[in-house]
Amino acid sequence: MHLKVKEPTSSIVLYATELEVNNATVTSTSNDEQTGKIDYDKEGERIAINFDKTLETDDYELALKFVGEINNPSTQFELTDCRRAFPCWDEPNFKATFHITLITPKNLRAISNMTIKSEDEYNNDKEWKITKFDRTPIMSTYLVAYVVGEYDYVETKDSNGVNTAAKVLPFYADYFNIKYPIAKADQIAIPDFAMGAMEN
Numbered sequence: 656m657h658l659k660v661k662e663p664t665s666s667i668v669l670y671a672t673e674l675e676v677n678n679a680t681v682t683s684t685s686n687d688e689q690t691g692k693i694d695y696d697k698e699g700e701r702i703a704i705n706f707d708k709t710l711e712t713d714d715y716e717l718a719l720k721f722v723g724e725i726n727n728p729s730t731q732f733e734l735t736d737c738r739r740a741f742p743c744w745d746e747p748n749f750k751a752t753f754h755i756t757l758i759t760p761k762n763l764r765a766i767s768n769m770t771i772k773s774e775d776e777y778n779n780d781k782e783w784k785i786t787k788f789d790r791t792p793i794m795s796t797y798l799v800a801y802v803v804g805e806y807d808y809v810e811t812k813d814s815n816g817v818n819t820a821a822k823v824l825p826f827y828a829d830y831f832n833i834k835y836p837i838a839k840a841d842q843i844a845i846p847d848f849a850m851g852a853m854e855n
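Residue numbers for the sequence shown follow my numbering, beginning at 656 and rising by one.
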């Protein structure tokens with residue numbers, strides 16, 4: 656996670672729910688590295704990462720090792736459920752770019768917001784694959800999406816496509832003179848989805 660510290664601080668507070676963070680390390684642009692002590696606030700759904708040395712104004716890389724259980728084959732992070740998947744600031748006014756990587760059984764299809772950058776066998780195991788996706792544009796965490804499952808698909812690339820979305824997206828891009836910001840749009844039917852629909 657890339658961070659910009661604007662005022663000196665000795666702690667970083669992130670939202671995290673039902674996640675066990677095992678290690679947190681920050682590295683500055685001058686390669687000064689330090690490991691933080693992790694305190695949990697389960698009621699507030701937060702973790703505080705406390706450092707011995709003050710983090711001065713600078714850019715930092717924060718690396719976290721954590722464990723959690725993903726209970727669903729698809730995401731629905733609105734409004735603040737992204738904190739159940741990974742530690743983050745998941746209030747809608749906080750925005751970032753995301754590099755999504757999924758490790759899944761080889762027979763399942765992995766889908767995320769962006770196009771697939773690479774897909775390889777994972778750890779020389781013929782049963783598993785690792786799928787890396789292109790970086791997202793800057794966006795709120797609730798828009799981060801991934802789906803894993805046995806999906807058939809129909810693909811179209813123009814406004815003469817077989818479904819409404821393929822016609823609607825180019826129409827509105829032209830009407831509002833705003834280009835659709837990513838390379839693709841997936842319409843996925845999820846059995847027993849809690850919401851009627853979700854825009855991510």
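Note that beta-carbon positions come from the ideal geometry of N, C-alpha and C, so glycine has one too.
- Note: L710 is bridge-paired with T664 in the DSSP secondary-structure output.
- Under DSSP, Q689 shares a beta bridge with V681.
- Contact annotation, T752 with K784: C-beta distance approximately 24 Å; criterion of less than 8 Å not satisfied.
- Of the other Cβ atoms in all chains shown, 16 or more fall within 10 Å of the Cβ of T786; this residue is therefore buried.
- When Cβ pairs closer than 8 Å are counted between the two stretches, the stretch 744-751 is seen not to touch the stretch 693-707, the count staying below three.
- Here the alpha carbon of S773 sits roughly 13 Å from the alpha carbon of S767.
- L763 and G723 do not touch by the CB rule: their CB atoms are close to 19 Å apart, not below 8 Å.
- Per DSSP, the unbroken alpha helix (DSSP H) holding A821 starts and ends at 819-831.
- Y777: member of the beta strand (DSSP E) spanning 771-777, first to last residue.
- Shown here, L674 sits in a strand according to DSSP, grouped into three states.
- Apart from sequence neighbours up to five positions away, the residues of its chain that approach L717 with a beta-carbon distance below 6 Å are M656, L658, V681, ordered along the chain.
- Between R738 and the set S665, K834, E675, D841, the nearest pair of CA atoms involves E675.
- Here A820 is exposed: its Cβ has fewer than 16 other Cβ atoms, across all protein chains shown, within 10 Å.
- Counting the other CB atoms within 10 Å of its CB gives I693 a total of 16 or more, which places it among the buried residues.
- Q689 and Y715 have their alpha carbons spaced roughly 11 Å apart.
- With a cutoff of 8 Å on beta-carbon distance, R701 and H754 are scored as not near each other.
- Contiguous beta strand (DSSP E) elements confined to the stretch 731-809 occur at 756-760, 764-767, 771-777, 780-788, 801-804, taking only those with 3 or more residues.
- Between T709 and E662, the CB-CB gap reaches or exceeds 8 Å.
- Setting aside the 5 residues that flank it on each side, A765 is surrounded in the same chain by L757, T759, T786, V803, each with a C-beta closer than 6 Å to its C-beta; the list follows chain order.
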